[in-house]
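Colleague:
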Amino acid sequence: MELSSTPPSNIDPAALRARFTALPQNSDPADQVQLARINLGRQLYFDKRLSRESNQSCNSCHQLTNYGVDNKQYSPGSMPGAIDTPRNTPTVYNAAFQLSQFWDGRAVNLIAQAHGPLVAPKEMALHNLQEAVDIVARVPGYAPEFRQAFPGQQDPVNIENITASIAAFEQGLITPSPWDRYLQGDTAALTPAQKKGLKLYLADGCDTCHAGRDMGGISYQRLGDVYRWGNKSDPGREKVTHSATDFMFFKVPTLRNIAKTGPYFHDGSVPTLTDAIHLMADFQAGQTISDSDAASIAAFLGSMTGTLPASYIAAPAEPPSGSQSAGQSEGNKTSSIRESSGGRS
Amino acid sequence: MKRLLLMVALCGLAALGVGLALGHHPYQGWPPLPPTRPGADIAMVAHPPALVMTTLHKDCYNCHSDHPDLPWYGYVWPSSAQVQDDIHRAGARLNFSEWDQLSPEMSRIRMNQVCTMVSEDKMPIWYYKPFHPEAKVTKQQAAAICNWANQMPIALTTQSASR
Numbered sequence: 000m001e002l003s004s005t006p007p008s009n010i011d012p013a014a015l016r017a018r019f020t021a022l023p024q025n026s027d028p029a030d031q032v033q034l035a036r037i038n039l040g041r042q043l044y045f046d047k048r049l050s051r052e053s054n055q056s057c058n059s060c061h062q063l064t065n066y067g068v069d070n071k072q073y074s075p076g077s078m079p080g081a082i083d084t085p086r087n088t089p090t091v092y093n094a095a096f097q098l099s100q101f102w103d104g105r106a107v108n109l110i111a112q113a114h115g116p117l118v119a120p121k122e123m124a125l126h127n128l129q130e131a132v133d134i135v136a137r138v139p140g141y142a143p144e145f146r147q148a149f150p151g152q153q154d155p156v157n158i159e160n161i162t163a164s165i166a167a168f169e170q171g172l173i174t175p176s177p178w179d180r181y182l183q184g185d186t187a188a189l190t191p192a193q194k195k196g197l198k199l200y201l202a203d204g205c206d207t208c209h210a211g212r213d214m215g216g217i218s219y220q221r222l223g224d225v226y227r228w229g230n231k232s233d234p235g236r237e238k239v240t241h242s243a244t245d246f247m248f249f250k251v252p253t254l255r256n257i258a259k260t261g262p263y264f265h266d267g268s269v270p271t272l273t274d275a276i277h278l279m280a281d282f283q284a285g286q287t288i289s290d291s292d293a294a295s296i297a298a299f300l301g302s303m304t305g306t307l308p309a310s311y312i313a314a315p316a317e318p319p320s321g322s323q324s325a326g327q328s329e330g331n332k333t334s335s336i337r338e339s340s341g342g343r344s
Numbered sequence: 000m001k002r003l004l005l006m007v008a009l010c011g012l013a014a015l016g017v018g019l020a021l022g023h024h025p026y027q028g029w030p031p032l033p034p035t036r037p038g039a040d041i042a043m044v045a046h047p048p049a050l051v052m053t054t055l056h057k058d059c060y061n062c063h064s065d066h067p068d069l070p071w072y073g074y075v076w077p078s079s080a081q082v083q084d085d086i087h088r089a090g091a092r093l094n095f096s097e098w099d100q101l102s103p104e105m106s107r108i109r110m111n112q113v114c115t116m117v118s119e120d121k122m123p124i125w126y127y128k129p130f131h132p133e134a135k136v137t138k139q140q141a142a143a144i145c146n147w148a149n150q151m152p153i154a155l156t157t158q159s160a161s162r
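Chains as they are written, first to last, in numbering that gives the first Met the number 0: chain H, 0 to 344; chain W, 0 to 162.
1. With alanine 243 (chain H) and isoleucine 165 (chain H) assumed to form a contact (beta carbons below 8 Å), what rounded beta-carbon distance in angstroms separates them?
2. Using a cut-off of 8 Å between C-beta atoms, extract the partners of glutamine 283 (chain H) located in chain W.
3. Who are the Cβ neighbours of isoleucine 37 (chain H) in its own chain at under 7 Å, not counting the five residues just before and after it?
4. Just mark proline 25 (chain W) as buried or exposed, buried being the case when its beta carbon has 16 or more other beta carbons within 10 Å.
5. When DSSP builds the beta bridges, which residues end up paired with valine 135 (chain H)?
6. Does the Cβ of tryptophan 76 (chain W) have 16 or more other Cβ atoms within 10 Å, making it buried, or fewer, making it exposed?
7. So with CB distances below 7 Å, who are the chain H contacts of serine 102 (chain W)?
8. Count the other C-beta atoms from every protein chain shown that fall within 10 angstroms of the C-beta of proline 129 (chain W), then say buried if there are 16 or more, exposed otherwise.
9. Using the three-state DSSP reduction, which class does valine 269 (chain H) fall into: helix, strand or coil?
10. For valine 251 (chain H), which residues from the same chain have a beta carbon less than 6 Å from its beta carbon, with the 5 sequence-adjacent residues on both sides left out?
11. Tell me whether the beta-carbon of methionine 303 (chain H) lies closer than 8 Å to the beta-carbon of asparagine 230 (chain H).
12. Which residues, taken in chain order from the stretch 62–88 of chain W, show a beta carbon closer than 7 Å to some beta carbon of chain H?
13. Helix, strand or coil for leucine 101 (chain W) per DSSP?
14. Check the Cβ of glycine 345 (chain H) against every Cβ in chain W and list those closer than 8 Å, keeping chain order.
15. If I measure Cβ to Cβ from alanine 284 (chain H) and keep anything under 7 Å in the same chain, skipping five residues before and after, which residues do I get?
16. Buried or exposed: where does proline 116 (chain H) fall if 16 or more other Cβ atoms within 10 Å of its Cβ makes it buried?
17. Would a check of beta-carbon distances place arginine 105 (chain H) closer than 8 Å to chain W?
18. Determine whether the beta carbon atoms of leucine 222 (chain H) and threonine 64 (chain H) lie at a separation below 8 Å.
19. Give every residue of the same chain whose Cβ lies closer than 6 Å to the Cβ of threonine 54 (chain W), excluding the five residues on either side of it in the sequence, and list them in chain order.
20. Let me confirm a value: proline 262 (chain H) is counted as buried when at least 16 other C-beta atoms fall within 10 Å, else exposed. Which label applies?
21. Give a yes or no on whether 8 Å exceeds the smallest Cβ distance from threonine 90 (chain H) to chain W.
22. Let's see if you can read the secondary structure: which residues bound the beta strand (DSSP E) around arginine 221 (chain H)?
23. Please list, in chain order, all residues of the same chain as leucine 34 (chain H) whose beta carbon is under 7 Å from its beta carbon, the five residues on each side excluded.
24. Any contact between the stretch 10–29 of chain H and the stretch 134–144 of chain H? By contact I mean 3 or more CB pairs, one from each, below 8 Å.
25. Can you tell me whether DSSP reads tyrosine 200 (chain H) as helix, strand or coil?
26. Cβ of methionine 43 (chain W) less than 8 Å from any chain H Cβ?
27. Quick test of your reading: alanine 124 (chain H) and arginine 51 (chain H), contact by CB under 8 Å. State the CB separation rounded to the nearest angstrom.
28. Buried or exposed for histidine 87 (chain W), please, with buried defined as at least 16 other CB atoms from any protein chain shown within 10 angstroms of its CB.
29. Applying a beta-carbon distance threshold of less than 8 Å, which residues of chain W neighbour phenylalanine 248 (chain H)?
30. Among the candidates W:Asn61, W:Ile41, W:Pro123, whose CA atom is the shortest distance from the CA of arginine 107 (chain W)?
31. Please list the partners that isoleucine 108 (chain W) has in chain H, where partner means a Cβ-to-Cβ separation under 7 Å.
32. At a CB-CB cut-off below 9 Å, which residues of chain H make contact with methionine 105 (chain W)?
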């Protein structure tokens, strides 16, 4: 009779592949239309003109040179003022592998997600989606790019194509890391300290939720499953499904690049990773872990810090504005990005 | 001394009587279990083969669902504290009544975990086995679970965002 009910802590890469999957390498698609769509999406991602005060792009909060976040508890938006049910900005890296987008999963995919912040009152704050189309249509440089990215369409500058382009670009935001090399069989990719942390990660059941390709992002889970979470001001997924049974359910966040994407949790209330690990062990798994074990797990999570795709995320030259919006362009170099908001959830 | 032993025996019998009386009632849960979501059960979401579903119902649902059916000792202290704590933690870790919260990728991962746990005889927990010999997962049942888990869809390459 087996006297242990602890899940196996076999850290052999082949055994781990039943629960974890390595990220693919990002490469430009052979399809020229898809490539044109990605390039267009990159330009739109960095274009601050797509906000009411021309001060906010996707990159303002989801900073690509900063692991897709701004490291703030709550991101400021194009317009001043508090946000209803504010949430910490999730990383845009590896988001394409998740079952839905936003903390509460209210967008079924990246295209649906891209619609939201454009018109969110305290984010990019446009009056409506047509305003985004009008802004793009007023930029002469965008017209040929839309024709190339959506050939054969009579009027390719529309909101569906804007959001599809941004999503196509975001699909390539992938950050392979030492953890992926380990999963592929390179057992030297993790340090001894990280391997110790991996064993603890498995023994403590972290992989119950943080598994798969994205180490999370593929299920919804009640925050405070064993012990009830204190701050219940955000109802989580209940706001989407209107079902009381979804109260305090959130999409399980990805652990990829987690060492770089604090502060943690939907409310950004926890500044350090080891504190977040302690809280998760306590509230989700119902066990108290030592500081030493938390530090070991944090070391393992550090193996998921990936390489940023430098050339893929290089800020493109911004298509010059037409006469109607002249003077609104601020340039879009990363160094010139103001502290601003957008895209959280 | 005899009087003390008599009192202990009487208390024990009283507790046993209360336990047997309560044993006919469904477990209400403490902390309270969430209400059931219609259509969220694995049977409705993932449609397991009949043998798998029967096995899950018979051997797993007592702890890993919103519908635990406690034995009499689950209502009698001190065993009740252990049983109810086990059920609470079990539901947090794996709940077949909340299968709609999982993507296909996670659905496969969770069932692979179930496969491992029953194949390696780690579940049900050892101290329940003597009281519930009927909950023993046979090799045939474990194989059915593993086969089904391996046939479930593998992770998507990326979300169908650009299609």
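Beta carbons: idealized from backbone N, C-alpha and C, even for Gly.
Modeller: Well, looking at it:
1. Counted from its first residue, the first sequence places residue 243 (chain H) at position 244. Counted from its first residue, the first sequence places residue 165 (chain H) at position 166. The Cβ separation is near 34 Å, so there is no contact.
2. In the first sequence, counting from the first residue as 1, residue 283 (chain H) sits at position 284. Ala91, listed in chain order.
3. Along the first sequence, read from residue 1 onward, the residue named residue 37 (chain H) stands at position 38. Hits under 7 Å: Ala167, Phe168, Gly171.
4. Within the second sequence, the letter at position 26 stands for residue 25 (chain W). Residue placement at proline 25 (chain W) cannot be trusted, given a pLDDT of 44 that sits under 50; the coordinates are not used to answer.
5. Reading the first sequence from its first residue, position 136 is the one you call residue 135 (chain H). Partner(s): none; valine 135 (chain H) has no beta bridge.
6. On the second sequence, residue 76 (chain W) is found 77 positions in, with the first residue counted as 1. Classification of tryptophan 76 (chain W): exposed, given that the 10 Å Cβ count is below 16.
7. Numbered from 1 along the second sequence, position 103 holds the residue referred to as residue 102 (chain W). Neighbours of serine 102 (chain W) on chain H, chain order: Leu98, Ile217, Ser218.
8. For the purposes of this step, residue 129 (chain W) is taken as residue 130 along the second sequence, with counting starting at 1. Classification for proline 129 (chain W): exposed.
9. Here residue 269 (chain H) is taken as the residue at index 270 of the first sequence, counted from 1. Strand, per DSSP.
10. For this step, residue 251 (chain H) is matched to residue 252 along the first sequence. Counting only Cβ-Cβ distances below 6 Å, and skipping sequence neighbours, we find Cys208, Gly215, Ser218, Gln220.
11. By 1-based counting over the first sequence, the position of residue 303 (chain H) is 304. By 1-based counting over the first sequence, the position of residue 230 (chain H) is 231. In this structure, asparagine 230 (chain H) does not lie closer than 8 Å to methionine 303 (chain H) by Cβ.
12. Here the close residues are His87, Arg88.
13. Here residue 101 (chain W) refers to the residue found at position 102 when the second sequence is read from its first residue. Of the three classes helix, strand and coil, the one that applies to leucine 101 (chain W) here is strand, per DSSP.
14. This structure leaves residue 345 (chain H) out entirely; chain H is present only between 0 and 344.
15. Counting from 1 along the first sequence, the entry for residue 284 (chain H) is found at position 285. Taken in chain order, the residues that qualify are Asp203, Gly204, Val225.
16. Taking the first sequence and counting its residues from 1, one reaches residue 116 (chain H) at position 117. Result: buried.
17. Working through the first sequence from its first residue, we reach residue 105 (chain H) at position 106. Not an interface residue.
18. Looking up residue 222 (chain H) in the first sequence gives position 223. Looking up residue 64 (chain H) in the first sequence gives position 65. Contact: no.
19. Mapped onto the second sequence, residue 54 (chain W) falls at position 55. Gln140, listed in sequence order.
20. Along the first sequence, one-based indexing puts residue 262 (chain H) at 263. With 16 or more Cβ atoms within 10 Å of its Cβ, proline 262 (chain H) is classed as buried.
21. For the purposes of this step, residue 90 (chain H) is identified with residue 91 of the first sequence, where counting begins at 1. So, not an interface residue.
22. The sequence position of residue 221 (chain H) within the first sequence is 222, counting from 1. Arginine 221 (chain H) -> beta strand (DSSP E) spans 219–221.
23. As a working note, residue 34 (chain H) is residue 35 in the first sequence. Closer than 7 Å at the Cβ level, and outside the excluded window around leucine 34 (chain H), lie Asp27, Pro28.
24. no
25. In the first sequence, counting from the first residue as 1, residue 200 (chain H) sits at position 201. Note: tyrosine 200 (chain H) maps to helix in three-state DSSP.
26. Residue 43 (chain W) sits at position 44 when you count from the first residue of the second sequence. Taking Cβ atoms only, chain H never reaches closer than 8 Å to methionine 43 (chain W), which makes this a no.
27. As a working note, residue 124 (chain H) is residue 125 in the first sequence. As a working note, residue 51 (chain H) is residue 52 in the first sequence. With 8 Å as the limit, alanine 124 (chain H) and arginine 51 (chain H) qualify as a contact, their Cβ atoms being about 4 Å apart.
28. As a working mapping, residue 87 (chain W) is identified with position 88 in the second sequence. Burial call: buried.
29. Translated into positions along the first sequence, residue 248 (chain H) becomes position 249. What phenylalanine 248 (chain H) touches in chain W: Gln100.
30. For the purposes of this step, residue 107 (chain W) is taken as residue 108 along the second sequence, with counting starting at 1. Per the C-alpha coordinates, the member of W:Asn61, W:Ile41, W:Pro123 positioned closest to arginine 107 (chain W) is W:Ile41.
31. The residue given as residue 108 (chain W) occupies position 109 in the second sequence. Here the neighbours are Arg18, Ala210, Gly211.
32. Here residue 105 (chain W) refers to the residue found at position 106 of the second sequence. Correct list: Leu98, Cys208, Ala210, Gly211, Ile217, Ser218, Val251.
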